[in-house]
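There are 2 protein chains.
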Amino acid sequence: MSSLANATLFEVFSIWGVLFIALLGLGYAFLLRVQIMRHDKGTSKMQEVWGAIRTGADAYLGRQLKTILPLIFILTGVLFFSVYVIPPSDEALQRFSKFTPDIVRLIVGIGRAAAFVAGATFSLIVGQFGMRMAVEGNVRVASASRRSFSEALKIAYRTGTITGMLTDGLGLLGGTVIFIIFGIASPDVLLGFGFGGTLLALFMRVGGGIYTKAADVGADLVGKVEKNIPEDDPRNAAVIADLVGDNVGDCAGMAADIFESYEVTIVSGLILGLALVSITGQLKWIIFPLLVRGIGVLSSIIGTYLVRGKKGEDGAKKRDALKDINRGFYSSAAISMVAFLFLAHYYMHEWRAFFSVGVGILLAIVIDEITKYFTHTHHAPVKEIAESSKTGSATLILKGLAIGFESSAWQFIVIALTILAAVIIYWGQPVVFVLYGVAMTGIGMLTLTGNNVAMDSFGPIADNANGIGEMAHLEPQARQTMADLDAVGNTTKAITKGVAIGSAVIAAVSLFGSFLTDVTKVQAQMGIVENLRLFVTGIRVSEPIVFIGLLIGAALPCLFSSLTINSVTRAASLIVNEVRRQFHIPGLMEGKVKPDYKKAVDICTISAQKELIGLALIAVLSPILIGMVLNVEALGGFLAGVIISGQLLAVFMATAGGAWDNAKKTIEDGLYGGKGSECHKASVVGDTVGDPLKDTAGPALNPMIKVINLVSLLAAPIIIHYKKTDIGVIVSIVLCTLLIFGAIIYSKHGGLTFRKCREEEANA
Amino acid sequence: MSSLANATLFEVFSIWGVLFIALLGLGYAFLLRVQIMRHDKGTSKMQEVWGAIRTGADAYLGRQLKTILPLIFILTGVLFFSVYVIPPSDEALQRFSKFTPDIVRLIVGIGRAAAFVAGATFSLIVGQFGMRMAVEGNVRVASASRRSFSEALKIAYRTGTITGMLTDGLGLLGGTVIFIIFGIASPDVLLGFGFGGTLLALFMRVGGGIYTKAADVGADLVGKVEKNIPEDDPRNAAVIADLVGDNVGDCAGMAADIFESYEVTIVSGLILGLALVSITGQLKWIIFPLLVRGIGVLSSIIGTYLVRGKKGEDGAKKRDALKDINRGFYSSAAISMVAFLFLAHYYMHEWRAFFSVGVGILLAIVIDEITKYFTHTHHAPVKEIAESSKTGSATLILKGLAIGFESSAWQFIVIALTILAAVIIYWGQPVVFVLYGVAMTGIGMLTLTGNNVAMDSFGPIADNANGIGEMAHLEPQARQTMADLDAVGNTTKAITKGVAIGSAVIAAVSLFGSFLTDVTKVQAQMGIVENLRLFVTGIRVSEPIVFIGLLIGAALPCLFSSLTINSVTRAASLIVNEVRRQFHIPGLMEGKVKPDYKKAVDICTISAQKELIGLALIAVLSPILIGMVLNVEALGGFLAGVIISGQLLAVFMATAGGAWDNAKKTIEDGLYGGKGSECHKASVVGDTVGDPLKDTAGPALNPMIKVINLVSLLAAPIIIHYKKTDIGVIVSIVLCTLLIFGAIIYSKHGGLTFRKCREEEANA
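Here it is as structure tokens:
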């Protein structure tokens, strides 16, 4: 087996270069922050509204930190001590051959724990810092929109870019540093890094999803539906919670989700790359993904900086803004592709890896197009949904469900074709090469993460600016600018959503690939199977025990979806009651008395945090339980089941939700009687049903399938090493079972939150 | 390999005994028919309504036959010539060793084609004859209800029992006759029998589902929702179509579906049983399932005959009726269990097979309980849905979706535990034994098919009697009797629905098991793998190509659901327009002019038939295409994907639909303001969304997953034998691809039906 000692000068230089690029990305983010903070925050009325949003955001972020920290503390310990349950790999002993095995064990333990903390912290930084920046940006966008469209656009987009570059920079930094320190022993440590990121992403995605939709649905049900007052009306007590929610969900949640995919694709890329290094003796398989990522960051820096809006324009602004953002995106894409060509020709001396990365970029485009087809107002599906509103909300819902199912079918086919591409590219090679190809597709797909996250974060910033404008009663001219930006933001957000699901599935599949090679490696070390070289361990669904794993795996996303939808409706019903109560306060409806925004913010914050623990426990413990009760092959079946059922539901919910949303928008734009018509009412029902599906339950599945795959990777060696009759295993099985069932019951009944809020309500 | 020549006298006697029992079941059905036909058909007004229903039913059945016959004709030829593509098995050569291979080929070809025709014909008889009997019964129930509750109950239940006994008798007859003629060569021929049954079930299930819900949703949307007139109001032009639809869906569709499960479990039970015979040399493995089935038929005859209602009762009739029906069921169950015990002890001399069958009966009970928990008015889920109507239809829909997903999760766990039970029962034995155990679980689960189908068919008979009562303005006393019977029918229908899905999944899993052993056998004959004895071929999801199969398999039920939901909404919108048009006919709303019922019946009939072809093509051709383009292992992955995604969606849709239905009923019974309240309106939306899910799209997946598994079994040898580069294979691939994409496009756009109806509409 070859070590990294035989790296060429170019390769050593490359690795340090990538590290430099990662730092450059972070520096760019810092530079943008300095730029943004220089802009003014507008009138005192605007700052008052903004102050409420910021306080709400701070409250959420603070409480989130308090909820998560103890768990991170415990898990850091678990990861450190895990090396005492299962010894470090042969590669680790080889990498640190100067030391005794005991010292190596200590090094790996510390490394893994530190990597976990780094993964968790980076994810937290992306989410929390990104969201704080979004809050800083929104009021400045509102203020700038009173002066110039291009300035407002530039501020909004660059604020979003900060989150984008944090995602890129931190993801690359972590992977590269671990690789530099641990070399061929990286997999031992990388898993800790990946686990930290995925776990935090799960928290932020699920918490953010519940928060944002509880506030949104709650505010709409009373405000728009019952009282017929406009969105963002200052008399609605949930309006600030709704604005905070946009940041919590679309900014913190989405950024953490994509950071996670970005991180786990590099983790599985390096693991599979190292497997190829050990087979071929060529270092290039592992340098390649790092260089691809480095190129991506550089081109994102250039592309995002090009987005600035033309000065002194007016007229068709909306189109111009989207064109501007797209120009940035395509510039980045073009730069990357050219650089990849050079890389393939001059460094790799072959084209297969290049094609895999290219398939990834193609996949991003195809998924984007499919998402657009099914959810955009210009195409048949949304038009059909809008038309079905003529026979009422029931047929509108049915049409949306049918469209959701259909899109799931096509997305399955697309992912299947992607894997088929990897099979064809590495035709005749051992399975490990194909798995590597899939991982490179994931790397390719996320090349332009910087741009993607920037486009996504742009959404809530523009949305919030618009809300501040409404509540601070700004001039019509400025309001129009902000409304235009908001509309552009809705489009860019929708595009990112498709990328998030697609990349989550590809990331999960490549983690599944790493799981297979990892299991084979451990089994080979124990003499259970032959060497890795030409062979990956078989997960036979034809074995009843594996089929059982497959079934249970498929059950999990269903359970998860059920629990998250319930969480939202439960939290929303609390909001509904609260807003209704406040509407009865004398003078409030006349605008003389201000509602108590903080109460609604508190309800959302508490609900979102409490519901997390149960869901996280289920996701983390279930693969361990399956592996221990059945066996490691059944765990493989379980992972396949989770991926299949997770993708089905995630795509179904995202598409149906998005399509209903846009069907409502087309009707609001004047179709079939426009606002206030019966058709509009039907479409509002569709949109309200779709909201928690597309923004909570669906997106929650992205981190879930990744966390489960990562935990399985971590747990696999333990499962293989220990017998079912070991006392430790028996105790663990009992403990896991109790905790999982406890978590399901806790989540089903909404934990303490719901009861507490109900009690408070009863007391009041 | 052992032949059947060494059967003991008891065994020979048993097989002929089973044949006798099958004929006895059919005789019992004939006897009941004679009994029923003796009863009177009531007043001329009743007969007039009934005449309209009968004409509608005949029209549907006639057109269905016309649509299906050409396809049966073609496929009979295909099945006959299939023996010239792939030679008969070694077992067939051995069984008919007196003849030359060419003659054997001819025998098997004729046998397979004849078996296909028999399977199709039996399925047709069960569906068509059962439905005709239901139509004969309903008016007699209506008439009897004017005299006595017990008589009405007896007629309704016994009419249902005719369908039940046809299902039992014909299913057992076919399997036994084939076994007697072909012995160890049965698998060659049984597949034809299974394929005939599954294909017809697909037609009747999907056609029936589309028909019934197009009529129901169409009638409700205009009648109940727009015009606020009661259900079954004679002024509604779709009311006869709706009554016909109940028979088409719940009687013909459901009976064919359960017949299919009954048939394919015996097919896979015999295939796997023969595999065990060849391993152990003991004939008992194959005699056992036949005897179990025979016992089931006998006990169903006794149990169903016990249901007759007490004479001279009144008061709590509803409860008594259900009690009566349940008493019949539990009598049958008790008789079966005792007989199984004797069988295990005195014939099998071991308990494993008995336990497998017992798990099947247990499974039926558990699924029944879960279905009840999630959809019955007494339990939390439906109560929660009803409560969520307070915040409008959107939250009600969300709650239903969450409950649907949750029930999917638990049903996965239940099926997983069922397979685990088979693993534990056959612990330490080769995989084939475990697969046999799963097949025996399927056999056990369907032991009381006679009772189950009787209970199910009872539903539409009571429902139609009630409709006839409404339209013929019968006396209040009689109306009350019929309303009570109708309510009981709703409960018994719901129970059967759960059994239908559960048995479909178990049947599909055991077909999957047969697929595995079959593939292994062919591969062993070709020298690709070792002998079957200890080994079943591996379907490795860890192979990228198999994972691709898994993904595409998962896509198919999504596509199917999307297409069937669309078919219903499309057909329903045609009905809505037609009923609206007729409401404008002067004098109609005043009851002076009778609406044109026939027009609505025609629309439903045409829609239901035309949409079938596309769906059937997709189901039949896709496994062939996957197998040829990828390979037979990928086809195995494909089957697993179909089962997983099919079960997920089928359970989700059935549960959500059932729960919404009953939530509406609780509100109609007076909760939250009762009929006409805002809560009621919200619940009507939920019910309308749920209708096509629970009665069309969901049930359509049952035959679909079985058809696909059966086609794969048929196609597997061909796929293994031929190379991808053979010209025949290439032509087939191109042809299948074109046909599948044509079918998708055809189905998506509603074929010619929709365009034609639209054109007619435009012309009118």
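So the sequences go chain by chain: A and B.
Using numbering that gives the first Met the number 0, the letters of the first sequence map in sequence onto residues 0 to 763.
Using numbering that gives the first Met the number 0, the letters of the second sequence map in sequence onto residues 0 to 763.
Virtual Cβ for every residue (Gly too), placed ideally from N, Cα, C.
- Per DSSP, L712 (chain B) is one residue of the alpha helix (DSSP H) stretching across 697-720.
- A distance of 8 angstroms or more separates the beta carbons of D167 (chain A) and G359 (chain A).
- Contact between the region 673-693 of chain B and the region 582-591 of chain B is absent, with fewer than three C-beta pairs closer than 8 angstroms.
- Sequence-distant Cβ neighbours of I369 (chain B) in its own chain, meaning closer than 8 angstroms and more than five residues away, are S406, W409, Q410, V413, G497.
- Annotated as distal: A91 (chain B) and G468 (chain B), with beta-carbon spacing of 8 angstroms or more.
- Nearest in C-alpha terms to G170 (chain A), of all of A:G449, A:F582, A:I743, A:I739, is A:G449.
- Around the beta-carbon of A453 (chain A), 16 or more other beta-carbon atoms lie within 10 Å, marking it buried.
- With contacts defined as CB atoms closer than 8 angstroms, A237 (chain B) and A255 (chain B) fail to qualify as a contacting pair.
- Contacts between S387 (chain B) and chain A, judged by CB atoms closer than 9 angstroms, involve T568, S572 in chain order.
- Assigned with DSSP and collapsed to three states, R579 (chain A) falls in helix.
- Its Cα nearest to that of A155 (chain B), the residue B:C250 stands out among B:A499, B:T394, B:C250.
- Ranking B:I294, B:E386, B:V430, B:S122 by CA distance to the CA of F19 (chain B) puts B:I294 first.
- If the five residues before and after H344 (chain A) are omitted, its C-beta is found closer than 7 angstroms to no C-beta atom of its own chain.
- The criterion of a C-beta distance shorter than 8 angstroms is not satisfied by S267 (chain A) and G50 (chain A).
- Contact check for L22 (chain B) against L172 (chain B) passes: the beta carbons are separated by less than 8 angstroms.
- Closer than 8 angstroms at the C-beta level to chain B, one finds these residues of the region 364-393 of chain A: S387, T390, G391, S392, A393.
- Shown here for V728 (chain B): same chain residues with a beta carbon closer than 6 angstroms to its own, the five before and five after excluded, namely M627, Y721 in chain order.
- At a cut-off of 4 residues, the continuous stretches assigned as alpha helix (DSSP H) that sit fully inside the region 342-375 of chain B are 351-374.
- Separation of Y596 (chain B) and P459 (chain B) (C-alpha to C-alpha, rounded to the nearest whole angstrom) is 19 angstroms.
- Look at the region 430-482 of chain A and you find these whole runs of alpha helix (DSSP H), each 4 residues long or longer: 430-444, 448-470.
- Under the Cβ criterion of 8 angstroms, K398 (chain B) is counted among the residues facing chain A.
- Counted as a single uninterrupted DSSP element, the stretch harbouring K389 (chain B) is not any alpha helix (DSSP H), since DSSP gives it neither H nor E.
- Secondary structure at R53 (chain A): helix, using DSSP grouped into helix, strand and coil.
- At the C-beta level, A639 (chain B) and L549 (chain A) come within 8 angstroms of one another.
- Cβ contact annotation for E383 (chain A) (same chain, cutoff 8 angstroms, sequence separation greater than five): K398, I402, in chain order.
- Note that the region 376-396 of chain B touches the region 656-674 of chain B; at least 3 beta-carbon pairs, one per stretch, sit closer than 8 angstroms.
- At a cut-off of 8 angstroms, the C-beta of C603 (chain B) has no neighbouring C-beta in chain A.
- Using a 10 angstroms sphere on the CB of I726 (chain B), the tally of other CB atoms stays under 16, which defines it as exposed.
- Collapsing the DSSP output to three states places R539 (chain A) in a strand.
- Here T516 (chain B) is buried, its C-beta having at least 16 other C-beta atoms within 10 Å.
- Going by DSSP, T654 (chain B) is part of the alpha helix (DSSP H) stretching over 631-667.
- Secondary structure at L198 (chain A): helix, using DSSP grouped into helix, strand and coil.
- In the structure shown, D89 (chain B) falls within a helical segment according to DSSP collapsed to helix, strand and coil.
- When Cβ-Cβ separations below 8 angstroms define contact, F740 (chain B) makes no contact with chain A.
- Between A408 (chain B) and chain A, the shortest Cβ-Cβ separation is below 8 angstroms.
- At the C-beta level, V247 (chain B) and T279 (chain B) stay beyond 8 angstroms of one another.
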